[in-house]
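**Student:** Protein chains in written order, with my numbering: chain A, 292 to 517; chain B, -6 to 248.
Backbone N, C-alpha and C fix where the C-beta goes; we use that ideal spot for every residue, glycine too.
Here's a structure for you.
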Amino acid sequence: MPHWLELMAASFGSLMVAGLVFTVPLTILSFAGGLALGSLAAMVRLFGPRPLASLVRFYVWIIRGTPLLVQLFVIFYGLPSAGILIDAFPAALIGFTLNVGAYTSEVVRAVIASVPNGQWEASYSIGMSWSQAMRRTVLPQAARVAVPPLSNSFISLVKDTSLAAAITVPELFQAAQRIVAVTYEPLILYVEAALIYLAFSSVLSILQARLERSFGRSGGFAGARP
Amino acid sequence: MIRLTGIEKRFGLNKVLKGVDVVVPAGSVTALIGPSGSGKSTLLRCVNLLEAPDAGEVEIDDVRLSFRAGERPRKDAVRTLRLKTGMVFQSFQLFPHRTALGNVMEGLVTVLGWRPDRARDRAMALLDKVGMAHKAEAWPSTLSGGQQQRVAIARALAPSPRVLLCDEPTSALDPKLAAEVVDVLRTLAHEGVTMLMATHDLRLASTIARNVVFLDDGLVVEEGTARAMFTAPRDSRTRSFIAHITETAVHAWTD
């Protein structure tokens, strides 16, 4: 067995453990939280009272206008100076959730607004209330359009979680760094880490394609390839 | 029966309806004609409160609502009026994520709370009535415009409204497909469905409507029986408008 393959095989276990114990939960939890936060923010911007909508705009402006790495540093290294101490993993979770929330709020806002007004009117005309129209007519149509952009955010997030290494979360990338510190084989270890990230995001791409296909079966838009 | 009294509606500075009175007797069909921007669609949308009138009264059978500027109609009043009306749109507006059958069942299940099997039976009967039973499981995107509009008519009729409002139901269709829709609406008219329809389609107005109302610039200019309006209009604006749509219709028929 060549040296590089031997090294990859030897470190595969600890990289995968770091990936499965930290990277995957961090990704899934912060995406779920971010999606919930983003949906709420989108609803406030579309339908909420004006001062609250401005507050949401401010939040989106701050998060989108500053680097994710800096946000993580502010939460983990900065807040303790203000007396707020947060452990590394929850700090990362908060940072990623806030970040995903800001980006997905724009996606959710856009896809809800993309449902033609006539669909609301058709719903009202058969007697539906606002919430029935939202739940039965608008959201199902918006959800279908939202799959590709939300999948983008999800896949970006898988890779962005590597930034958590910088605030001491022992996730996949940090596990690779630690092994490099002992073996002095940066090329082999970092390529291996990259391949594991690639595998994780590929799984998500496959899930996305499945989801789009199942949406495509139920109706679909005239002429659009699923 | 629909009775509209003194309906006014403005959008910003633009006064679209300036006090319109229209009565549609139970079991009859009234066509609203008039140039684009005359307020036909807005008037229809005031009947089921897709637009709230700024002034006037809307009466459908035993329910009467009065409106004042800046006053939002109460939610239960809106709901009552919407359950008494069904609406057919120019661009169909079928729900693209539901089958033809699902579209027709939607109001029964979601709004009236019917059990799905009971709703399915009624929806199938209505699809059969509009000649679309064979496409019950089809998605809207696979249907022709005429087929979509027929499903939309079945959807509007499902919750048993007292009146059917049709906003340019054939305008988005070529003459052949429009004919399918006209046939369905004619059948409904013969069965005594009360209808108020805004239309440019001379065939629709002349063969189905008992009465015709000519609207221009937010006011009723002239009204009368379809025969009188199309053969002997009194007002010069009515005359020139009818001459214009007749020309368009002849053009479409010889196409």
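With DSSP collapsed to three states, give me the class of residue 4 of chain B.
**Tutor:** As a position in the second sequence, residue 4 of chain B is number 11, starting the count at 1. The answer is strand: DSSP assigns residue 4 of chain B an E or B state.
**Student:** How should residue 110 of chain B be labelled, buried or exposed, when 16 other C-beta atoms within 10 angstroms of its C-beta is the threshold for buried?
**Tutor:** For the purposes of this step, residue 110 of chain B is identified with residue 117 of the second sequence, where counting begins at 1. It counts as exposed.
**Student:** What does the Cβ neighbour count give for residue 297 of chain A, buried or exposed, with the cut at 16 atoms within 10 Å?
**Tutor:** Along the first sequence, one-based indexing puts residue 297 of chain A at 6. Exposed is the call here.
**Student:** Determine the chain A residues that contact residue 84 of chain B at a beta-carbon separation under 8 Å, and present them in chain order.
**Tutor:** Numbered from its first residue, the second sequence carries residue 84 of chain B at position 91. The contacting residues are 409.
**Student:** By the 7 Å beta-carbon criterion, what residues does the segment 40 to 56 of chain B contribute toward chain A?
**Tutor:** Listed in sequence order: 41, 43.
**Student:** Taking a Cβ distance cut-off of 9 Å, strictly less, list which residues of the segment 134 to 151 of chain B are near chain A, in chain order.
**Tutor:** Under the 9 Å Cβ criterion, the segment 134 to 151 of chain B contributes 134, 135, 145, 148, 149, 151.
**Student:** List the residues of chain B that residue 419 of chain A touches, going by C-beta distances under 9 Å, in chain order.
**Tutor:** The sequence position of residue 419 of chain A within the first sequence is 128, counting from 1. Chain B residues near residue 419 of chain A: 75, 99, 100, 103, 104.
**Student:** Does any residue of chain A have a CB that is nearer than 8 Å to the CB of residue -3 of chain B?
**Tutor:** By one-based count along the second sequence, residue -3 of chain B stands at place 4. So no, residue -3 of chain B is outside the interface.
**Student:** Could you tell me if residue 34 of chain B is buried or exposed, where buried requires 16 or more neighbouring beta carbons within 10 angstroms of its beta carbon?
**Tutor:** Residue numbering aside, residue 34 of chain B sits at position 41 when the second sequence is read from its first letter. By the 10 Å Cβ count, residue 34 of chain B comes out buried.
**Student:** For residue 378 of chain A, count neighbouring C-beta atoms within 10 Å of its own C-beta (all shown protein chains included) and say buried if the count is 16 or more, exposed if not.
**Tutor:** As a position in the first sequence, residue 378 of chain A is number 87, starting the count at 1. So residue 378 of chain A counts as exposed.
**Student:** Within 8 Å (strictly less), CB to CB, does residue 111 of chain B reach chain A?
**Tutor:** The residue given as residue 111 of chain B occupies position 118 in the second sequence. By this cut-off, residue 111 of chain B is not an interface position.
**Student:** Do residue 345 of chain A and residue 480 of chain A have their CB atoms nearer than 8 Å?
**Tutor:** Your numbering for residue 345 of chain A matches position 54 in the first sequence. Your numbering for residue 480 of chain A matches position 189 in the first sequence. No, these two residues do not count as a Cβ contact at 8 Å.
**Student:** Could you tell me which of B:58, B:170, B:12 sits nearest to residue 138 of chain B, measuring between CA atoms?
**Tutor:** By one-based count along the second sequence, residue 138 of chain B stands at place 145. Minimum Cα distance to residue 138 of chain B is reached at B:170.
**Student:** Enumerate in chain order the residues of its own chain whose CB-to-CB distance from residue 9 of chain B is below 7 Å, with the five nearest sequence positions on each side excluded.
**Tutor:** Within the second sequence, numbered from 1, the residue matching residue 9 of chain B stands at position 16. Cβ neighbours of residue 9 of chain B beyond the five flanking positions: 2, 3, 32, 35, 211.
**Student:** Would you say the segment 373 to 390 of chain A touches the segment 43 to 57 of chain B, given that touching needs at least three Cβ pairs under 8 Å?
**Tutor:** No, they do not touch.
**Student:** Output the distance between the C-alpha atoms of residue 207 of chain B and residue 26 of chain B, rounded to the nearest integer angstrom.
**Tutor:** Here residue 207 of chain B refers to the residue found at position 214 of the second sequence. Here residue 26 of chain B refers to the residue found at position 33 of the second sequence. Cα to Cα, residue 207 of chain B sits roughly 5 Å from residue 26 of chain B.
**Student:** Residue range of the beta strand (DSSP E) that residue 167 of chain B falls in?
**Tutor:** Here residue 167 of chain B corresponds to residue number 174 of the second sequence, with the count starting at 1. First-last for residue 167 of chain B: undefined, no H or E at that position.
**Student:** Output, in chain order, the set of chain A residues within a Cβ distance shorter than 7 Å of residue 223 of chain B.
**Tutor:** If you number the second sequence from 1, residue 223 of chain B lands on position 230. Near residue 223 of chain B there are no residues of chain A at all, since even the closest Cβ is about 29 Å away, more than 7 Å.
**Student:** On the CB-based measure, 16 or more other CB atoms within 10 Å of its CB, does residue 325 of chain A come out buried or exposed?
**Tutor:** Counting from 1 along the first sequence, the entry for residue 325 of chain A is found at position 34. By the neighbour-count rule (16 or more Cβ atoms within 10 Å), residue 325 of chain A is buried.
**Student:** Whole angstroms is fine: what's the gap from residue 58 of chain B's alpha carbon to residue 20 of chain B's?
**Tutor:** Position 65 of the second sequence holds residue 58 of chain B. Position 27 of the second sequence holds residue 20 of chain B. Straight-line Cα distance between these residues: approximately 21 Å.
**Student:** My assumption, with CB atoms under 8 Å, is that residue 22 of chain B sits in contact with residue 190 of chain B. Please give the rounded CB distance.
**Tutor:** Locating residue 22 of chain B in the second sequence gives position 29, where the first residue counts as 1. Locating residue 190 of chain B in the second sequence gives position 197, where the first residue counts as 1. The Cβ separation is near 7 Å, so the contact holds.
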